[in-house]
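What follows is one structure encoded as structure tokens, with my remarks underneath.
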Amino acid sequence: MEIMDRKMDSGILDQDESLDEEYDVTSSVLPEEILGIIDELLCLEMAWHLGYPLSQTILTSVHVDALMNPDPATIQDVDFTSKPSSSGPGSTMLLVLRAYCAGLLRACFSVNELMKEEMSYEEEDFVTNTYGRGLLGNIPVSDIKKLLIAAITEVRERRDEFSQLVHAALASRLELRIAFLDVLDLDTTRKNLQNHRDYIGHGCGIS
Numbered sequence: 020m021e022i023m024d025r026k027m028d029s030g031i032l033d034q035d036e037s038l039d040e041e042y043d044v045t046s047s048v049l050p051e052e053i054l055g056i057i058d059e060l061l062c063l064e065m066a067w068h069l070g071y072p073l074s075q076t077i078l079t080s081v082h083v084d085a086l087m088n089p090d091p092a093t094i095q096d097v098d099f100t101s102k103p104s105s106s107g108p109g110s111t112m113l114l115v116l117r118a119y120c121a122g123l124l125r126a127c128f129s130v131n132e133l134m135k136e137e138m139s140y141e142e143e144d145f146v147t148n149t150y151g152r153g154l155l156g157n158i159p160v161s162d163i164k165k166l167l168i169a170a171i172t173e174v175r176e177r178r179d180e181f182s183q184l185v186h187a188a189l190a191s192r193l194e195l196r197i198a199f200l201d202v203l204d205l206d207t208t209r210k211n212l213q214n215h216r217d218y219i220g221h222g223c224g225i226s
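Take the numbering used here: the final residue in the sequence shown is number 226, and no numbers are missing along the way.
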């Protein structure tokens, strides 16, 4: 037996071969397939909330990985490719998926930050390790919501290109992401208000 001998070493690769299976995340995808991808992402997100690490849930998605590689600095950088998108049904579906993934990641960042402030045991209750990923934490929530609204508008403008059920399903999932971001923002607002009340109460001698 010899290592690097193709007849004996099943792990050997040629120079033009890759261990990872390449997948073009910008390829044209049907609306029904987009729904399937989105629902799978939602399942992965719920698994993360239940305590499974990002490495076994959300970060296994090739679309999520492509969106964060390299780490975006602005909302314009939050895209699957640096090339400008062409118009048409295919680009609409990519916009929907791009917006959904962006909303998902930004929500995960907010949840992760909130969990760091709570009393929890790492690896037991909740895994806060992001494995070096920023989760779009430097992108303002307002920019993410604008992207989601733009995707909803685009879907509504092209509603004649797919069935009413598909149109409603896509719009509702994008609206879910906006609602979740609003809830997380409200939680932060409440905490800030409570901190202000505590500060004012302490300054006035009110217990």
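Glycine included, each C-beta is placed from N, C-alpha and C at the ideal position. Since the structure is predicted, the reported quantities are computational estimates derived from the model, not experimental observations.
Identify every run of the alpha helix (DSSP H) within the stretch 127 to 158, keeping only runs that are complete inside it and at least 4 residues long; order them along the chain. Within the stretch 127 to 158, not a single complete alpha helix (DSSP H) segment reaches 4 residues in length.
Going by other Cβ atoms of all chains shown within 10 Å of its Cβ, with 16 needed for buried, is G122 buried or exposed? The count along the sequence shown starts at 1 and reaches residue 122 at position 103. Buried, because 16 or more other Cβ atoms sit within 10 Å of the Cβ of G122.
Let me check understanding here. Comparing Cα to Cα, which of S80, V130, L73, E173 lies closest to D204? Walking along the sequence shown from the start, residue 204 turns up at place 185. It is V130 whose Cα lies nearest to the Cα of D204.
Where G122 falls: helix, strand or coil (DSSP): Counting from 1 along the sequence shown, the entry for residue 122 is found at position 103. Secondary structure at G122: helix, using DSSP grouped into helix, strand and coil.
With a floor of 4 residues, list each alpha helix (DSSP H) that falls wholly inside the stretch 34 to 85, ordered by position along the chain. Counting only runs of 4+ residues, the alpha helix (DSSP H) found wholly inside the stretch 34 to 85 occupies 50 to 68, in chain order.
Where does A169 sit, in a helix, a strand or coil, going by DSSP? To locate residue 169, count along the sequence shown from 1; it is residue 150. Helix.
Among L195, D201, T45, the one whose alpha carbon lies nearest that of T111: The residue given as residue 111 occupies position 92 in the sequence shown. Checked all of L195, D201, T45; the closest Cα to T111 is T45.
From the DSSP output, in three-state form, read off F199 for me. Counting from 1 along the sequence shown, the entry for residue 199 is found at position 180. The three-state reading of DSSP puts F199 in helix, counting H, G and I together.
Could you tell me whether the stretch 67 to 80 touches the stretch 142 to 158, where touching means 3 or more Cβ pairs closer than 8 angstroms? Taking a cut-off of 8 angstroms for Cβ pairs, the stretch 67 to 80 and the stretch 142 to 158 touch, as three or more such pairs fall below it.
Is V185 helix, strand or coil when you go by DSSP? The count along the sequence shown starts at 1 and reaches residue 185 at position 166. Helix at V185.
Can you tell me whether R125 is buried or exposed? The criterion is at least 16 other CB atoms within 10 Å of its CB, across all chains shown. Counting from one through the sequence shown, the residue named residue 125 turns up at place 106. R125 should be labelled buried.
Under the rule that 16 or more other beta-carbon atoms within 10 Å means buried, what is C62, buried or exposed? Residue mapping note: residue 62 aligns to position 43 of the sequence shown, counting from 1. That one is exposed.
Going by beta carbon distance, what residues of the same chain come within less than 7 angstroms of L167, once the five residues before and after it are set aside? Locating residue 167 in the sequence shown gives position 148, where the first residue counts as 1. If we look at L167 and ignore the five residues flanking it on each side, its Cβ neighbours are A118, G122, L193, R196, I197.
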